[in-house]
Amino acid sequence: MSQLEGAGTPENLALPLKLYWQPGCSSCLKMKEFVLEHGVSFESVNVLEDDAGFAELQELGVRMVPIAARGTVWANGAVFRDVAAVAGFDYGGQQMLAPEALKDKVLIILDGAARYLEQIPDDQLDVILPGRPPSYRQLAYHVFDIPKVFLERVEHDAPYTYEALKSILPDDMTTKANLLAYGRDTRARFAEWWTRDGAATDFTQPGKVYYGEVSLHEVLERTGWHSGQHTRQIMLMLREKLGIEPNVPISEDDLVGLPLPKNVWDNERSFDEGSYTDEAENWETAKTG
Numbered sequence: 326m327s328q329l330e331g332a333g334t335p336e337n338l339a340l341p342l343k344l345y346w347q348p349g350c351s352s353c354l355k356m357k358e359f360v361l362e363h364g365v366s367f368e369s370v371n372v373l374e375d376d377a378g379f380a381e382l383q384e385l386g387v388r389m390v391p392i393a394a395r396g397t398v399w400a401n402g403a404v405f406r407d408v409a410a411v412a413g414f415d416y417g418g419q420q421m422l423a424p425e426a427l428k429d430k431v432l433i434i435l436d437g438a439a440r441y442l443e444q445i446p447d448d449q450l451d452v453i454l455p456g457r458p459p460s461y462r463q464l465a466y467h468v469f470d471i472p473k474v475f476l477e478r479v480e481h482d483a484p485y486t487y488e489a490l491k492s493i494l495p496d497d498m499t500t501k502a503n504l505l506a507y508g509r510d511t512r513a514r515f516a517e518w519w520t521r522d523g524a525a526t527d528f529t530q531p532g533k534v535y536y537g538e539v540s541l542h543e544v545l546e547r548t549g550w551h552s553g554q555h556t557r558q559i560m561l562m563l564r565e566k567l568g569i570e571p572n573v574p575i576s577e578d579d580l581v582g583l584p585l586p587k588n589v590w591d592n593e594r595s596f597d598e599g600s601y602t603d604e605a606e607n608w609e610t611a612k613t614g
């Protein structure tokens, strides 16, 4: 959720706009690009490297990114209209693809992510990404987990939380085969849900998610572009870190209509950097969440 009381007042707009983010975070990158596209300057705060900035974030009562803030007024960066309210510009929304078209995008993305995971050598799965602590294994898991969390919401009305989307694998998911099975099960479950319930689902209903007041249609759209952006990152990793050409690369045409960031990794940090740390994050070491 966001804290928007006071947003847009002259007093609040006189305060500096700060965007809190971390490298490789798809919603963080989209938030930064969104604000830049509207010509608004901001102070960029990478919470993984700026302890004072992370302390500021905690003072707002949150330990997650992306966040856009002016003083004590803040918005979760996943809700563009809330970011616009804090940043101080008008935003008329965007045209979303129909739910069935979004479903098709999600299935294309899950199929691609499974193909690319198969290409990652077993001895490279636990290499850490540049600029942030997840591993290649965790990035692939995250792609599969995003639609799974959506399914838990629509099938069981389960809480849609920030923690549920953390890219930390269950203790019993120890092999590539385990992870591939998880991805394929999620893909099959997503297709079955649509066949069974998709046409009858009211996508105008409240999304009931942690990041703000959005419709279920918006949650489905974010499921598509969020998982799609991270799959673009897996393709980037295969090419630039492992020297492997992705098996049937997902194209721009495959993803057209999704509000993807322009950049694949980040607009401030390079994917050429070395691994962020020696070990992947876990529930004890994760800084955000």
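Heads up: the sequence shown begins at 326 in this note's numbering, then just goes up one per residue. Where a beta carbon is used, it is the ideal one built from N, C-alpha and C, also for glycine. Keep in mind that this is a model prediction, so the values were computed, not measured.
query: 7 Å CB neighbourhood of N337 in its chain, flanking five on each side removed; result: G331, R395, G396 and V398
query: Proximity below 8 Å, CB of L567 to CB of I453; result: no
query: DSSP three-state assignment for V534, whether helix, strand or coil; result: strand
query: Which of helix, strand or coil DSSP assigns to W643; result: Past the edges of the chain, shown from 326 to 614, lies residue 643, and the structure says nothing about it.
query: Reduced DSSP category for Y345 - H, G, I as helix; E, B as strand; rest coil; result: strand
query: Proximity of G349 and I434 at Cβ, strictly below 8 Å; result: no
query: Extent of the continuous alpha helix (DSSP H) run through N592; result: Here N592 belongs to no alpha helix (DSSP H), and DSSP marks it neither H nor E.
query: Validate contact between the stretch 422–442 and the stretch 514–523 using beta carbons, cut 8 Å, 3 pairs; result: yes
query: Beta carbon of G386 nearer than 8 Å to that of A393; result: no
query: Endpoints, the beta strand (DSSP E) within which S369 is located; result: E368 to N371
query: Inter-residue Cα distance where the pair is V623 and V404; result: Given that the chain is displayed from residue 326 to residue 614, the structure contains no residue 623 and the question cannot be resolved.
query: CA-to-CA distance, V365 to E358, given in whole angstroms; result: 10 Å
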